[in-house]
Each structure stands twice: as C-alpha cells, then as structure tokens.
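Here the protein sequences come in this chain order: G and S. To convert, count from 1 in the first sequence and add 715; that's my numbering. To convert, count from 1 in the second sequence and add 5; that's my numbering. Ideal Cβ positions, reconstructed from N, Cα and C, are used throughout, including at glycine. Remarks on the structure that follows.
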Amino acid sequence: MDLVVVGNGMVGQRFVEALRERDREKQWRVTVFGEEPRRAYDRVALSSYFDGASADDLDLVAPGLYDSPDCTLYLDEAVTAIDRAARTVTTGRRTVRYDALVLATGSYPFVPPVPGRELPGCFVYRTLDDLDAVRAAVRTAADHSRGRRAGLVIGGGLLGLEAARALRLLGLSPHVVELAPRLMPLQVDEAGGGLLRDMIEELDVTVHTGTSVAGIQEADLGPTGHRLLATLASGVELDVDLVVFSAGVRPRDQLAREAGLAVGERGGIVVDDGCVTSDEHVFAIGECACVGGRVYGLVAPGYAMAEVAADRLVGGRATFVAADTSTKLKLLGVDVASFGDALAATPGALAVTLHNPVARRYAKLVVSDDARTLLGGVLVGDTSRYASLRPLVGRPLPGDPAAMIAPSGGAESGPGSLPPDAQVCSCHAVTKGTILDAIAEHGLSDVAGVKSCTRAGTGCGSCVPLLKSLLAEGGVPVSSALCEHFDQTRAQLFEIVRREGIGTFTELIGAHGRGRGCDICKPVVASILASLDHGHILDGEQAALQDTNDHFLANIQRNGTYSVVPRIPGGEVTPDKLIVLGEVARDFGLYTKITGGQRIDLLGARVEQLPAIWRRLVDAGFESGHAYGKALRTVKSCVGSTWCRYGVQDSVSLAIELELRYRGIRSPHKIKAGVSGCARECAEAQSKDIGVIATEHGWNLYVGGNGGFRPRHADLLLSDVDTATLVTTIDRFIMFYIRTADRLQRTSAWVESLSRDGVDGLAYLRSVLVDDSLGIAAELDAAMARHVDCYTDEWAEVLADPVRLRRFVSFVNAPDTPDPSITFAAERGQPRPVLLEVAR
Amino acid sequence: MSGFRPVCRYEDLLPERGAAALVGARQVALFRTFDGIVHAVDNRDPFTGAFVLSRGIVGTRGDRPTLASPLHKQVFDLGTGACLDDPEVSVPVYPARIRDGMVEVAAE
C-alpha cells in the first residue's frame, strides 16, 4: 500500500522513523515530500547554527533511511494540491496516488501587521534559509556601518529569545520587544520573567516589554548604509541593522483547507485523538494539527502525534492524550523550566515560591487548594530539580513543597518517590516502570544502555540525571572498582600513589589491593607511575606492567609484527629526514603509510628488528613518536601564516612547541592535538582532545573533541588568549585530566563527566584551570614543569643500554632466528601480512 | 620419556614477564611468575593464530596464575592452559622445571 507524507520537518521525519520501526513487514511504501531543499533538521537547536554547528550537524535523518526503494524522499518539492476523491497528491513535478496520507506541514511564522514589515532587512526565523539570509544581511551591514551593530527581535517568547541569541552570536546587540508585560509570557510568571529579564540584560540584550512596534522605516544614510528605524508604541526609537519577526507561529493548513478538510476556528487541521482528519484516509500531525481544539507549537507533542499516527497505520489503537507542554531550556545561557499549570490557572491553586535575586534563582511550585497535589511550576536560574519535579505533576506531593525547592537538602523528590506509571522521558513518553523493566530485563548498568533499549533520554536529554538515579534504584550495582585486584578507581589510585609517594606496583597492590594484578590494573599503574616520573618505563618492576606495545615501544599488529612511528612534530619534516624514513622502510622491507596525524607509519617490523631500525632513525635525529602509548600522539597543524594567504598566526611553530612540550607524557588515554592558523580550521583542531585555532588577537582553545567511535566537537574553553596563557592552560588541562580521569577515558568523555547535578562542566573546568578554584594550579604547573625537565627519548635510552636491549629478541634461545610464522605477500608494490589460519 | 630440554638460564626470564623459546620446531612461551615458578604454554594465540602469547601480561585471577593475550586480551590459566573467557578454547601446556639454574621444557 502507498503512504504519502507531506512535510519533512522534525515531526514528519519522526513519523517516518516510527512507522519504519513498527511496520516490520513493510506493508507501506512511503513517499515523502519536503518543501525545503534540506531534509529534516533540528529546528529546536536552530541558533546553534551560528555557534559552530553546520547544517549537517543539525541533520536528523537516520543513515540509510531513504536508501531503500520502499522509502523515497523528494526534497525541494512542495505538494500543491490534494485530490481526496482520486486519492492523489500533486507537486510541480508529479502526481502520486496514496492509500493513506499524512500531513506534517508544520507552521509558518506569524508576522504582525506592522507598517514597514516588507522592507529589506526584515526577516523571519524559521528555517536554515532564513538564518542564511540573516547572516548575509549582518555581513553586508558589517561592510557598511561603523560602530555597534544592533538588531531588533519582535517577540519575547521562546522563539524570540532564541532569535536574540542567534543575533548575539552574529555580533549584534539585540533588542527584544514583547507585547506582554514579561518575557516568555506563556511559560513563566511575572517574578520568573523579571529574573530572566535581569539575567539576559546583563548579556547586552535590551528588553522592552508591555509595548509593540508601531512602525519600521528606512533610515536615510546616503548611498553606503542601510539601516532601519523602528518606533515603539511607547515612543522609543531604535536604530537597527535588521529586524527579526519571531512573534509565534501559525499552523500551515492551506493545503488541507483547499482539499475541503475540516480546520479549527483559529486554524489547524482538525483531527481526533488518533490523529485522523475529517477524511479517514488522511492524518495530520505536529504543528499543523488541531487536536482537542488545541494547536501545539512544541516538538514533544508533535513527536507524540507521530507515534500515534504510525501506530494507527499498522492497525494499532494508540491515542493522543492532552500533551505535556513542559519545557526546560537554556535561553541565552539562562536555565528556564516550566511545567504543568505553571501560571496557576487552576481554580483555588496555591503557589509556593522561592525568590533569591542574589543567587539568581527563582522557583515556584503550584499546588492544589489542599496543598496535596503538585499542579505545575516554574524554575529560572537553576533547573536541576526539573527532572524530578515534572513527573510528579498531578500526583500527591511527597513532602513539604517549600522544602522541595529549597536550595539544598529538603524533602526527597528523587525518582524513588515516583509511581511506576509516571512519565520520566516526556519526549518519548517513557514511564519509570518501562525503564526499570528494561534495566532488570537487559541487566543495564549505564545510561547508554537505557537510551538504546527505551529511547528515554534521547530527546531533549533533560531526564538523563533521573535515568542515572533509576539505574541506581534498579538495584544494578554500578561498581567503580578498577578490577578484581583494586577496589579503587584509576583517579583514586593516582591520588594514593601521588600522596604516599609509592614507587612500585608491588608496594601499591600490597598496601591497597590483592593478588598479583592483571591486564587491566597493571597498565593503569604503569601509566600512573610514568605520569609521576618514575624513570624509564622498561626499568625494574615497571617492565612487567607494560602492555606489549609499551614493552616493545612499538604497536603490535595482527600477525605479531610491530609498527614504527617516529615523531614528526607538527607534521614538519625536512627532505633529508624524509629520505631516511624511505631508506629505512626500503632496507627493512616495511609497509609504509601516511597517518592521520601527519606522520609516517612503518609496518611489519619483527621484534628483533626494532633496535636496528631505531638505531638508524635515532642517528638521523628522530625520536619515539609514542604511537604505542596512552600518551600525547601528535599536534597536527596547517602551514599557518608563514605560507598561507589566509593565516593569521604561525600555527606550525606553536604546534611544534606544544608537541615537544608534551611528548612522552603518559595519560589515561591517548591525547591528540591540533593547531589551525585561522578560522578555516584546516588542522581540524575541533576534533582533537586539545584544539587551538588562531584569531586576529591570539588563540582560541578548544578541549574535549574526539574523532573515533563517538565523534564530538571540542568545547571552546578560552578565547583570544596570548601564547603564554594558552600554554599554561593546556598544561593544567592535561595534568588535571591525568589526575582525575578514569581508565581509558578520553578527554571528551571526561569533560562530559564534569557536568552533573546541574553543574556546567565547562564552567567548572574553566574555574579550576583559570581561576584556580580548587587551589591546585601550582601543583599542576609544577607537575608539568617536572615532566618537561625530565623528558628523555625512550628509544635513545633503550639503544644505550644493553640490558634493556636484551628483550628485543625473537627467541630467548635463538635471538636472531626470525619467527618462521611471519610471512608477507606483495600488494601494490609493498608487503602485506599473510594471515595465519585459525581453526574455529 | 622425560624429554626435558634446557632452553635458557632462569635469570634470562624477567619476573612476571614472558619470553618465547624455540623447542625443536615448536614455539613455546615461558613465564616466570611472582612466586618464582616457570610456566610453559604454546606461543600460538588460538584466537588469531599469531605466535604472540609470550608477550602478554601475567597476573592472577583468584588464586590462579594467568596470562592475557596481547592482541585481544583473552585470559588463560597458566597452570591448565584453559581460556577463562571462553570455555571452548585452551592452549597446550608443557612441563617446565628449573635444573642448575637452567629452565628445562618438555615440549616434544
């Protein structure tokens, strides 16, 4: 059967995915028409488009979804007519028959009838194309006008404040005009709106409430400038570069109207609780639908409708129940949450408030007239209680409401007090009971597992703290013990070794562990001892702790040979050294490949060949690249201002300085870094643990980026700092990471782990590294100074010591006999290992 | 049929570390554990076919002396050769002893 979906926004997309999940027999062939040239993207995070996110980052489509022949997506192709009698839809290019039709046409921005609203420089805020137009206008304004640039946002609701954030990211000073007496009039009350206003006015946003824009005119600036003059009803005149209308949205129901479907009094395609319109073959979902007389302008109810419609189409009886319009979001850096009957509209409702303008916190709980049932609430400034309060709406209060919003302590409002049918994840309508069942059934022990089994926490993410509590409540012991030999975490062992000055594994396991260790704890302890500068990693008892890679100072490959990666700091190499690398590879028959970190990998070396290979390399001035270690790998760079016509700083020199400074440092996991000479970012620094990007005035420092299994963009830690500040901060970042991270925890996961219980991890990191809030900066600095002073090349030291050299033999009783099992074939002019048979 | 053959000096083995030895045509992985005992198992990793077990990390699981393969970290009991992570897999174990400061192995 044929299903046509009109609209590929967030809700339309969710519908297709929900249907594909349920429709296992593939009874429906799906055709989707999207009017925009881009497929579904995250409209809720639209302003992040000006904060480093690309259009691809916002993409929402599951990979491969539209690759199969029974699921087709046509973009840039609006449906122009529906013929319900013939059951067809028509676009400019084709007419398609349907057995069922789903309308997910969304909404359009409402532009109030302000005189001058058609002038150039007036925009709406809805699509990526709108944002591109705004950005282009800001660039033009930058070319022509001098002084402070300003923008006017009409509408002080959720969308308006998002638009103000976008303008601010583009370097404009935003004005926000809101007709109601406060910001976010639908979500917060007067006191909460007042605090919100105070907090965002500190961010160079000027707020005008209780007024409207009377008219917009073009200012006469002669041929060079284009500016707009907006006059408010209050008489205030604003001189701005552009105006953005974000005064709400209206359902896009024109197509449905023309097809004769019933629409609501104030717009919206009328549907029943199964999302079926007045025509049983036509469904409507999301912001274009009017259900129970109401149109929802939020994504969560839209997603719920998508699930209902998908269920109906496979024969289910799911119904849409009046949606939860709770919201928790960060507006211009201010945390705001609103849930249930936030404005105390229920007759007899009582409000318990806590208003602390000094601590920048406002909290209100709305309770029933007998003070027994929670009806709703508003949180501004600190929304950490949202996850535990929202699911209690409509339920008996577990304690004194004042205590539940008190700054600390107070009555328990955690998940323990929630009944099993309370909704924990409102984006995906997942109850506490469903989550606990999944934990028990699949033996889940982490949030990632809960997410993949139940989808809870994969929407807005606000319930993730609650999921952690439920995991604990689910009786799954989340052990933090390193292994059976140590009950401590890596970070705890690091502190023990550091404080007690422990120098050997035997000493540590004797005093703080049991048994004789394993492949988990031994390399961890080896790394800790190395981080604290306890001599060469192959000396004394340390030798027995090392993984094979560290033991042979090379990377083991699948046939038992090793790879050799000399350090090439910053990726800069002289022709002479390059020739040496080629000669060594040729003379020892090594497979040669360029790595992603701007160096050269020589593969296929047998253990007994390593010293001879390294003798040649060390003689030519190379040293260990530590590709085998949990250590700094490379600092990748672009050619920078020395050569590049766009470069603004000398990225190569900085990359070399950093790589030489941190070479050889042992850490919980590998560390990769990059330095780009301008914002074009050719060194891909934002995908590194430590990324540096040149600015006109200095450097921006990013941390916690990652490629690999779970890619992550790095977070901006510092802007426009000089080289000395940059280096000091990186010193402290690395040392703090080494001290406190878990075993094999990359900086990306570590940085994320610093955010918890409502604490902003990045702000915390900044406070530790820059403001020295823990009082440990001097220790971190001293530790790095010791590392820099004590660095020696591990391979040069091995070559100088006959005892260390003794282990680089194939057989203890036949040191020069090559392992007969290692053989190679030729492929594209180079050796390729012949793999060994495994009889399994 | 004792078959023990001297392979190397006991001091050639580092404490809690392995070494590969050629015994006839056979590759043997020798380990000197913390208690001073020498263990000998086949050097071939049954999971990959590579001759690398001598380069694994020595340790304990409960009371048993163990070895973790350097490629994918499966753990073997050095006393029995049984893989503790996969009951269907094991490695051959060879008798080993120390005589006059020499390690002797019977692997043929």
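If distances are taken between C-alpha atoms only, which option among G/GLY1286, G/TYR1011, G/PHE960 comes closest to G/PRO828? Considering only alpha carbons, the answer is G/PHE960.
Alpha carbon to alpha carbon, how far is S/GLN111 from G/ILE1380? It should be pointed out that residue 111 of chain S corresponds to Ala in this sequence rather than to Gln. Rounded to the nearest angstrom, the two C-alpha atoms are 44 Å apart.
Which of helix, strand or coil does DSSP assign to G/PHE1539? Residue state, collapsed to three classes: strand.
Can you say whether G/SER1434 is buried or exposed, counting buried as having 16 or more other CB atoms within 10 angstroms of its CB? By the beta-carbon neighbour count (other beta carbons within 10 angstroms, threshold 16), G/SER1434 is exposed.
Less than 8 Å between the C-beta atoms of G/LEU1347 and G/ILE1386, yes or no? In this structure, the beta-carbon distance from G/LEU1347 to G/ILE1386 falls below 8 Å.
Give the list of continuous alpha helix (DSSP H) stretches no shorter than 4 residues that lie fully inside the stretch 1276 to 1311 of chain G. Entirely contained in the stretch 1276 to 1311 of chain G, the alpha helix (DSSP H) runs reaching 4 residues are, in chain order, 1290 to 1303.
Can you give me the Cβ contacts of G/ASP1534 inside the same chain, cut-off strictly under 6 Å, excluding the 5 residues immediately before and after it? Result list for G/ASP1534: SER1525, in chain order.
Under a CB-based cut-off of 8 Å, is G/GLY1225 close to chain S? With 8 Å as the cut-off, G/GLY1225 does not count as an interface residue toward chain S.
For G/GLU1374, count neighbouring C-beta atoms within 10 Å of its own C-beta (all shown protein chains included) and say buried if the count is 16 or more, exposed if not. It is buried - the Cβ of G/GLU1374 has at least 16 other Cβ atoms within 10 Å.
Tell me whether G/SER1434 sits in a helix, a strand or coil according to DSSP, three-state version. Strand at G/SER1434.
For G/ASN1528, count the other beta carbons within 10 Å of its own beta carbon; 16 or more makes it buried, fewer makes it exposed. Which is it? Under this definition G/ASN1528 is a buried residue.
Counted within 10 angstroms of its Cβ, other Cβ atoms place G/TRP1358 as buried (16 or more) or exposed: Answer is exposed; the Cβ neighbour count stays below 16.
Can at least three beta-carbon pairs, one atom from the stretch 1058 to 1072 of chain G and one from the stretch 1017 to 1035 of chain G, be found at a separation below 8 Å? Segment contact: the stretch 1058 to 1072 of chain G against the stretch 1017 to 1035 of chain G, fewer than three CB-CB distances shorter than 8 Å; contact not assigned.
Contact list for S/THR71 against chain G, beta-carbon separation under 8 Å: Taking a Cβ-Cβ threshold of 8 Å, the residues of chain G close to S/THR71 are CYS1233, in chain order.
Output needed for G/ALA929: all residues of its chain with C-beta closer than 6 Å, excluding positions within five of it in sequence on either side, in chain order. Excluding sequence neighbours, G/ALA929 sits near THR946, ALA948.
Proximal residues to G/THR1219 (C-beta, below 6 Å), its chain only, five neighbours per side dropped: Taking C-beta separations shorter than 6 Å and ignoring five residues to either side along the sequence, the partners of G/THR1219 in its chain run GLU1256, following chain order.
Option in G/ALA1226, G/ASP814, G/LEU780 with minimal Cα separation from G/HIS996: When the alpha-carbon of G/HIS996 is set against those of G/ALA1226, G/ASP814, G/LEU780, the nearest one is in G/ASP814.
For G/LEU898 and G/ILE869, I'd like the C-alpha separation in whole angstroms. Cα to Cα, the separation comes out at about 12 Å.
Tell me which residues of the stretch 1406 to 1430 of chain G have at least one Cβ-Cβ distance to chain S shorter than 9 Å, keeping chain order. For the stretch 1406 to 1430 of chain G, which is checked against every Cβ of chain S, not one residue is closer than 9 Å.
Compare the beta carbon distance of G/PRO1383 and G/ARG1447 with 8 Å and say whether it is the shorter of the two. Contact: no.
For my contact list, G/VAL1350 and G/GLY1389 are in at a C-beta cut-off of 8 Å; report their separation, rounded to the angstrom. Between G/VAL1350 and G/GLY1389 a beta carbon distance of about 7 Å is seen, short of the 8 Å cut, so the two are scored as contacting.
Note down, in chain order, all residues in the stretch 1253 to 1267 of chain G with a beta-carbon under 9 Å from any beta-carbon belonging to chain S. From the stretch 1253 to 1267 of chain G, only GLU1256, ALA1258, ALA1259, LEU1260, GLN1261, ASP1262, THR1263, ASN1264, HIS1266, PHE1267 have a Cβ closer than 9 Å to chain S.
Suppose contacts are defined by Cβ-Cβ distances below 8 Å. Is G/PRO1548 in contact with G/ASN1274 by that definition? Against a cut-off of 8 Å, the Cβ pair of G/ASN1274 and G/PRO1548 comes out as a contact.
What does the alpha-carbon distance come out to for the pair G/SER1099 and S/SER59? In a straight line, the C-alpha of G/SER1099 is about 53 Å away from that of S/SER59.
Spatial distance of G/GLN1313 from G/LYS1292 (CA atoms): Per the coordinates, the alpha-carbon of G/GLN1313 lies some 14 Å from the alpha-carbon of G/LYS1292.
Is the Cβ-Cβ distance between G/ALA1102 and G/CYS1178 less than 8 Å? The beta carbons of G/ALA1102 and G/CYS1178 sit closer together than 8 Å.
6 Å Cβ shell around G/GLY1124 - same chain, five flanking residues per side excluded: Its pLDDT being 41, under 50, G/GLY1124 is placed unreliably by the model, and nothing is read from it.
Measuring only the C-alpha atoms, how far is G/ARG1231 from S/VAL57? Taking the Cα positions, G/ARG1231 is about 22 Å away from S/VAL57.
In chain S, what lies closer than 7 Å to G/ALA1529 by C-beta? Going along chain S in sequence order, the residues near G/ALA1529 (Cβ under 7 Å) are LEU27.
Could you give the residue range of the beta strand (DSSP E) that holds G/GLU1374? Counting along the chain, G/GLU1374 sits inside no beta strand (DSSP E); it lies in the alpha helix (DSSP H) bounded by residues 1366 to 1377.
Whole-angstrom distance between G/ALA1245 and G/HIS1251, CA atom to CA atom: Cα to Cα, G/HIS1251 sits roughly 8 Å from G/ALA1245.
Is G/THR1221 near the ligand SAM, going by C-beta to nearest heavy atom under 7 Å? Inclusion of the ligand SAM in the displayed structure is not the case, the ligand content being empty and no account of it being possible.
Quick check on DSSP: helix, strand or coil for G/GLN932? Strand.
Here's the rule: buried if 16 or more other CB atoms are within 10 angstroms of the residue's CB, otherwise exposed. What is G/GLN1364? Buried, by the Cβ-count rule.
Please name the residue or residues paired with S/CYS88 in a DSSP beta bridge. BP columns for S/CYS88 point to S/PHE81.
One or two residues paired with G/ALA1078 in a DSSP bridge: DSSP, once it has assigned bridges, lists G/LEU1069, G/LEU1094 as partnering G/ALA1078.
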